[in-house]
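Undergrad: What follows is a structure written as structure tokens; I'll ask about it next.
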DNA sequence: CTGAAAGCGCTTACAG
DNA sequence: CTGAAAGCGCTTACAG
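Chains as they are written, first to last, in this note's numbering: chain P, 1337 to 1658; chain F, 1337 to 1658.
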């Protein structure tokens, strides 16, 4: 059970621990004969030696770990793409990305008792107190503090809704509803999106839009009937899943999409393209976001400022549902 | 930049490092006056002290980290549920779960140079050499080795396909096709599923089923026409996304589902319930899987054997598409 | 009730 | 070209 240490390797190979360290780390400038190197490597492999990450980190004063804190969001292709790209880019610098699924169960501060990362990457804004604590502990922080500038975070959500409503207005609609998600974890996004819908309706002189929670797993028949009765002719949905439930509701209510009711989603999920009718949606290319995240992390590690968030490249993909 | 250490706290508080450690760790049996405790805590907070995880781990000989290795699969609700439950259960033991998105970019062995987990949890079987290396380094391993018994892993995939085909046969179908995924990351699952379809067709005396890759993001019109021409009356799809593309293909080809073509998916995704027609699918309740995983990890940490995999609770959810 | 000291396993100046 | 020694920051017997 007691692990093999570098001292064991040194003893077995008949050299000093210094030499073992030089060989196994390929320390530049270390002059060790090729024969010795080979002997040390063989011995280490034979004994199944694995260096202690804790000792290494303690001695060097820094680790090769970057922890990415994932809020309690449903994961999917977007989060995957962000993490995959980050993992690849940091691997080139010899760094490993480890993801922490942050849930209410434990305070973030406890995590630093268990692991010392070089940097912490937040996908959502951190509480300001956590940011202070991390910085004080010598951990670089990428991502915004809650109080500071979470507005950029919310604004991009807001803007997706603006695109939806502007598209519907272009199509001639004058009475729009917002179909929001019933997933509590997405409450914050839902609120920002609804604000976008509401603001745009106001700016275009449309009536204040109703906001209705729509489950993704059953046809939104009642909601559709109610909208129709109110004279609503177009629905901006929280995402494609919700939009699909609205399409099903329209079908069940005997309404024709887009003639009786137009529907626009968000995400451009594969299912949007094979819906009946094919779903108009807002696509957010993920590559620029992934590159921005990775670039920001590298910049912070190098002591630079993170670059500004790129212009939001979201766009409407027009299909048959509007 | 130089972090605050426990020695700094001790000096500032006018006590020894021993006392600081006792107070901050609430060491049982340590008799420190309440006044001193309070003073130490205040001082630590004032200085912004954060203990060094590396030193702590080195000294105690074990860390409070469990690393979960995630293969290159698309993430989604199932993986989320597994990780969330594991995170919660281990949090009660004072352990943190960190997830490593394993990609080709770096060898698993390099990871142990950067972090020393108490245990490693694999969702897919590990290469046997990695398992040996981890065990030798004193890391507990939960999950199977590739060579050992990856059959249990593939078998559950196989069985999903059996359920699909048996259901179609019950509905009177005698000629079945398999619509597989085009996602390369799922190749292994696709192969196991096709084997299930093929074996079941053979066992039921049906002709050998064609296997056709179907993209989830466009109507599978050509595939549907070709199946229809061959006399295929039912399709087992890799998952609901693929099944939705088959439904769209049938629509485009002018075929009626389920009269001209029956379709059954896997996953019971929300979109399956709002499809036109509503999609018959195979549901895998995720709770038993999540509990089994968490139980296995706890068992291994306690030095017991992991419990056997629970009886596969997958079942067919019959809707309008078959 | 509190402190001095050892030691976890490594890396890296430094001396030979 | 190689080795003896210091020290990273902690925890924990042990001595007072």
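Beta carbons: idealized from backbone N, C-alpha and C, even for Gly.
Could you spell out where the alpha helix (DSSP H) holding residue 1607 (chain F) opens and where it closes?
TA: Here residue 1607 (chain F) refers to the residue found at position 271 when the second chain is read from its first residue. Segment 1606-1609, the alpha helix (DSSP H) holding residue 1607 (chain F).
Undergrad: Is the Cβ-Cβ distance between residue 1437 (chain P) and residue 1419 (chain F) less than 7 Å?
TA: Against the first chain, residue 1437 (chain P) aligns to sequence position 101. Against the second chain, residue 1419 (chain F) aligns to sequence position 83. Yes.
Undergrad: What residues in the region 1507-1521 of chain P have a beta carbon less than 7 Å from any beta carbon of chain F?
TA: Answer in chain order: no residues at all.
Undergrad: Around the Cβ of residue 1649 (chain P), are there at least 16 other Cβ atoms within 10 angstroms (buried) or fewer (exposed)?
TA: Translated into the one-based positions of the first chain, residue 1649 (chain P) becomes position 313. Exposed.
Undergrad: Judging by CA-CA distance, which residue of P:1640, P:1454, P:1463 is the nearest neighbour of residue 1434 (chain P)?
TA: Here the question's residue 1434 (chain P) lines up with position 98 in the first chain. Among P:1640, P:1454, P:1463, the Cα nearest to that of residue 1434 (chain P) belongs to P:1454.
Undergrad: Please give the ranges of any alpha helix (DSSP H) in the region 1469-1536 of chain F, keeping only runs that are unbroken, at least 4 residues long and fully inside the region.
TA: The qualifying runs are 1482-1485, 1487-1506.
Undergrad: Which residues in chain P have a C-beta closer than 8 Å to the C-beta of residue 1432 (chain F)? List them in chain order.
TA: Residue numbering aside, residue 1432 (chain F) sits at position 96 when the second chain is read from its first letter. Under the 8 Å cutoff, chain P gives 1436, 1442, 1446, 1447, 1450, 1451.
Undergrad: If you reduce the DSSP assignment to three classes, tell me which class residue 1398 (chain F) lands in.
TA: As a working note, residue 1398 (chain F) is residue 62 in the second chain. Three-state DSSP puts residue 1398 (chain F) in coil, outside helix and strand.
Undergrad: Is the Cβ of residue 1400 (chain F) closer than 7 Å to any Cβ of chain P?
TA: As a position in the second chain, residue 1400 (chain F) is number 64, starting the count at 1. Yes, residue 1400 (chain F) counts as interfacial toward chain P.
Undergrad: Where DSSP assigns a beta bridge to residue 1547 (chain F), which residues make up the other side?
TA: The residue labelled residue 1547 (chain F) in the question sits at position 211 within the second chain. F:1514, per the DSSP bridge assignment.
Undergrad: Once DSSP output is grouped into helix, strand and coil, what is the label at residue 1556 (chain P)?
TA: Along the first chain, one-based indexing puts residue 1556 (chain P) at 220. Coil.
Undergrad: Quick check: is the beta carbon of residue 1610 (chain F) nearer than 7 Å to any beta carbon in chain P?
TA: Position 274 of the second chain holds residue 1610 (chain F). Yes, residue 1610 (chain F) lies at the interface with chain P (some Cβ there is under 7 Å from its Cβ).
Undergrad: With DSSP run on the structure shown, which of helix, strand or coil describes residue 1564 (chain P)?
TA: Position 228 of the first chain, counting from 1, holds the residue named residue 1564 (chain P). Looking at residue 1564 (chain P) - three-state DSSP - the assignment turns out to be helix.
Undergrad: Using only the alpha-carbon positions, how far apart do residue 1337 (chain P) and residue 1452 (chain F) sit?
TA: As a first step, residue 1337 (chain P) is located in the first chain; it is residue number 1 there, counting from the start. As a first step, residue 1452 (chain F) is located in the second chain; it is residue number 116 there, counting from the start. Low per-residue confidence applies at residue 1337 (chain P): pLDDT is 43, beneath 50, and the placement is therefore not dependable, though the value from the model is reported in the following sentence. Those two C-alpha atoms are separated by around 15 Å.
Undergrad: Would you please state the rounded distance, in angstroms, between the beta carbons of residue 1339 (chain P) and residue 1390 (chain F)? I believe it to be under 8 Å.
TA: The residue you call residue 1339 (chain P) lines up with position 3 of the first chain. The residue you call residue 1390 (chain F) lines up with position 54 of the second chain. At roughly 16 Å, the Cβ-Cβ gap does not stay under 8 Å, so residue 1339 (chain P) and residue 1390 (chain F) are not in contact.
Undergrad: Does DSSP classify residue 1656 (chain P) as helix, strand or coil?
TA: Counting from 1 along the first chain, the entry for residue 1656 (chain P) is found at position 320. Coil.
Undergrad: Grouping DSSP H, G and I as helix and E and B as strand, with all else coil, what is residue 1365 (chain F)?
TA: Against the second chain, residue 1365 (chain F) aligns to sequence position 29. Three-state DSSP puts residue 1365 (chain F) in coil, outside helix and strand.
Undergrad: On the DSSP letters alone, give me the boundaries of the alpha helix (DSSP H) that residue 1438 (chain P) sits inside.
TA: As a working note, residue 1438 (chain P) is residue 102 in the first chain. Unbroken run through residue 1438 (chain P): none, as it is neither H nor E.
Undergrad: Just checking, does the region 1630-1645 of chain F make contact with the region 1500-1518 of chain F on the three C-beta pairs under 8 Å criterion?
TA: Judged by Cβ distances under 8 Å, the region 1630-1645 of chain F makes no contact with the region 1500-1518 of chain F, as fewer than three pairs qualify.
Undergrad: Relative to the C-alpha of residue 1345 (chain F), which candidate in F:1423, F:1369, F:1384 has its C-alpha closest?
TA: As a working note, residue 1345 (chain F) is residue 9 in the second chain. That would be F:1384, whose Cα lies nearest to the Cα of residue 1345 (chain F).
Undergrad: Quick check on the burial criterion: 16 or more other C-beta atoms within 10 angstroms. Buried or exposed for residue 1603 (chain F)?
TA: Within the second chain, the letter at position 267 stands for residue 1603 (chain F). Buried, since its Cβ has 16 or more Cβ neighbours within 10 Å.
Undergrad: Select from the region 1623-1646 of chain P all residues with a C-beta closer than 7 Å to any C-beta belonging to chain F, and list them in chain order.
TA: The residues in question: there are none.
Undergrad: Output, in chain order, the set of chain P residues within a Cβ distance shorter than 9 Å of residue 1554 (chain F).
TA: Taking the first residue of the second chain as 1, we reach residue 1554 (chain F) at position 218. 1606, 1609, 1610, listed in chain order.
Undergrad: Any heavy atom of the ligand PLP closer than 6 Å to the beta-carbon of residue 1531 (chain P)?
TA: In the structure shown, the ligand PLP is absent, as is every other ligand, since no ligand is present at all.
Undergrad: Which residues share a DSSP beta bridge with residue 1580 (chain F)?
TA: As a first step, residue 1580 (chain F) is located in the second chain; it is residue number 244 there, counting from the start. The partner list for residue 1580 (chain F) (beta bridge, DSSP) is empty, contrary to what the question assumes.
Undergrad: State the Cα-Cα distance for the pair residue 1646 (chain F) and residue 1639 (chain F), rounded to the nearest angstrom.
TA: Position 310 of the second chain, counting from 1, holds the residue named residue 1646 (chain F). Position 303 of the second chain, counting from 1, holds the residue named residue 1639 (chain F). The alpha-carbon atoms of residue 1646 (chain F) and residue 1639 (chain F) are separated by roughly 20 Å.
Undergrad: Drop a sphere of 10 angstroms on the beta-carbon of residue 1625 (chain F), count the other beta-carbons inside from all chains shown, and report buried for 16 or more, exposed for fewer.
TA: Position 289 of the second chain, counted from the start, is the residue given in the question as residue 1625 (chain F). It is buried - the Cβ of residue 1625 (chain F) has at least 16 other Cβ atoms within 10 Å.
Undergrad: Tell whether a beta-carbon distance below 7 Å holds between residue 1442 (chain P) and residue 1381 (chain F).
TA: Mapped onto the first chain, residue 1442 (chain P) falls at position 106. Mapped onto the second chain, residue 1381 (chain F) falls at position 45. Not in contact: residue 1442 (chain P) and residue 1381 (chain F) (Cβ atoms no closer than 7 Å).
Undergrad: For residue 1619 (chain P), does the three-state DSSP call read helix, strand or coil?
TA: Within the first chain, residue 1619 (chain P) is the residue found at index 283, counting from 1. Three-state result, residue 1619 (chain P): strand.
Undergrad: Please compile the residues from chain F whose C-beta is within a distance smaller than 7 Å of the C-beta of residue 1659 (chain P).
TA: The question about residue 1659 (chain P) has no answer, for chain P in this structure spans 1337 to 1658.
Undergrad: Taking the alpha-carbon positions, what's the residue 1372 (chain F) to residue 1341 (chain F) distance?
TA: In the second chain, counting from the first residue as 1, residue 1372 (chain F) sits at position 36. In the second chain, counting from the first residue as 1, residue 1341 (chain F) sits at position 5. Going by the C-alpha atoms only, they are around 18 Å apart.
Undergrad: Report the rounded CA-to-CA distance for residue 1478 (chain F) versus residue 1403 (chain F), giving the unit in angstroms.
TA: Position 142 of the second chain, counted from the first residue, corresponds to residue 1478 (chain F). Position 67 of the second chain, counted from the first residue, corresponds to residue 1403 (chain F). Answer to the nearest angstrom: the Cα atoms are 10 Å apart.
Undergrad: Is DSSP giving residue 1360 (chain P) helix, strand or coil here?
TA: On the first chain, residue 1360 (chain P) is found 24 positions in, with the first residue counted as 1. If DSSP states are grouped into helix, strand and coil, residue 1360 (chain P) belongs with the helices.
Undergrad: In the DSSP assignment, find the unbroken alpha helix (DSSP H) run with residue 1573 (chain F) in it and report its ends.
TA: Within the second chain, residue 1573 (chain F) is the residue found at index 237, counting from 1. Note, residue 1573 (chain F): premise wrong, no alpha helix (DSSP H); beta strand (DSSP E) at 1570-1573.
Undergrad: With a threshold of 8 Å on Cβ separation, who are the neighbours of residue 1658 (chain F) within its own chain once the five nearest residues in sequence on each side are excluded?
TA: Position 322 of the second chain, counting from 1, holds the residue named residue 1658 (chain F). Within the same chain, residue 1658 (chain F) has close Cβ partners 1503, 1504, 1507, 1570, 1594, 1598, 1599, 1600, 1616.
Undergrad: Between the C-alpha atoms of residue 1450 (chain P) and residue 1495 (chain P), what's the straight-line distance to the nearest angstrom?
TA: For the purposes of this step, residue 1450 (chain P) is taken as residue 114 along the first chain, with counting starting at 1. For the purposes of this step, residue 1495 (chain P) is taken as residue 159 along the first chain, with counting starting at 1. Using only the alpha carbons, I get a separation of about 39 Å.
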